[in-house]
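Under the numbering used here, residues 369 to 590 are what the sequence shown spells out, in order.
Down below is the structure, laid out as structure tokens.
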Amino acid sequence: MGDIAENKGSFYSNAEVYWKEVPPTVDGMLGGYGSISNIDINGSKAFLQKFLGEGEGKTSPGCALDCGAGIGRISKRLLLPLFKTVDLVDVTQEFLDKAKPYLGDDSKRVGHYFCSGLQEFVPESGRYDVIWIQWVIGHLTDDHLVDFLRRCQKALRPNGLVVIKDNVSYEGVVPDDVDSSVCRDLEIVHRLVARAGLQIMHEEQQADFPKEIYQVHTLALR
Ligand SMILES: C[S@@+](CC[C@H](N)C(=O)[O-])C[C@H]1O[C@@H](n2cnc3c(N)ncnc32)[C@H](O)[C@@H]1O
């Protein structure tokens with residue numbers, strides 16, 4: 369994304385200030401589009417179930433990491449129902465504080481709540497079957513995203529997967545000065561994934577989202 373955000377020292381601090389003001393609700397996590405959460409989760413479930421299982425080459429349902437987890441919207445409806453243990457990482461402590469009551473009884477199966485920016489976070493080597501990164505890559509600079517993806521690859525168990533699900537622009541990098549993020553086109557995302565040394569195992573566009581929002585793509589990587 370070159371000179372837009374990367375050179376602005378305030379890129380990360382502005383995002384932190386923005387998220388601190390957002391209510392810890394599903395609607396808050398989705399920028400007022402709480403109504404699309406069901407479609408999102410059902411699409412993600414169908415996507416992930418293609419890989420999960422106990423046989424040869426299948427991804428085990430052991431431990432998942434929810435990156436940019438917020439209050440745990442994805443952990444609650446997607447990851448905790450499918451995995452024995454889930455860890456959450458987010459830069460906003462207020463969201464993680466809300467996650468425990470929001471997840472209810474299933475919060476007993478949360479291993480760790482990590483409060484950290486992904487640009488600094490080092491996931492434990494060899495711990496995760498799935499690392500789910502949704503609606504947060506736009507908060508990382510290109511170099512930080514590539515480095516984070518490399519660390520994620522090291523954190524995978526055998527047959528593990530890194531999944532990116534995010535908005536994609538039609539062309540180029542579109543900055544958002546309100547939440548201090550960027551939206552990249554699919555070709556740019558592919559290039560950053562390749563730079564990180566990851567391969568795309570499968571890719572889909574999320575169907576049935578409102579026409580006025582960005583297209584959302586899901587990429588399974590390892
Ligand atoms: C659009 S919300 C998405 C939350 C969740 N992934 C979901 O889909 O429900 C973005 C989340 O990313 C978090 N975030 C923003 N910048 C971050 C960073 N640099 N590192 C980790 N989390 C970040 C925010 O606190 C917020 O919880």
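Ideal Cβ placement from N, Cα and C applies to all residues, glycine included.
Query raised in the report: Name the DSSP beta bridge partners of Pro449, please?
Result: BP columns for Pro449 are empty, so no partner.
Report task. Leaving out five residues on either side along the sequence, give the residues of the same chain with a beta carbon under 8 Å from the beta carbon of Lys426. Result -> Phe419, Leu420, Asn527
Requested in this report: Say yes only if the C-beta of Gln540 is nearer than 7 Å to one or more non-hydrogen atoms of ligand 1, and no if none qualify.
Outcome: Per the sequence shown, residue 540 should be read as Gly rather than Gln. The answer is no for Gly540.
Query raised in the report: Can you tell which of Asp553, Leu566, Asn406 has the C-alpha that lies nearest to the C-alpha of Ala523?
Result: Leu566
Report task. Decide if Ala575 is buried, meaning its Cβ has at least 16 other Cβ atoms within 10 Å, or exposed. Result -> exposed
Requested in this report: Run the proximity test for Ile581: is its beta-carbon closer than 7 Å to any non-hydrogen atom belonging to ligand 1?
Outcome: no
Report task. If I'm right that Gln461 touches Cys483 with Cβ under 8 Å, what's the distance once you round it to whole angstroms? Result -> 5 Å
**Report entry** Own chain partners of Arg441 with C-beta closer than 7 Å, once the 5 adjacent residues on each side are dropped
**Finding:** Val394, Met397, Ser405
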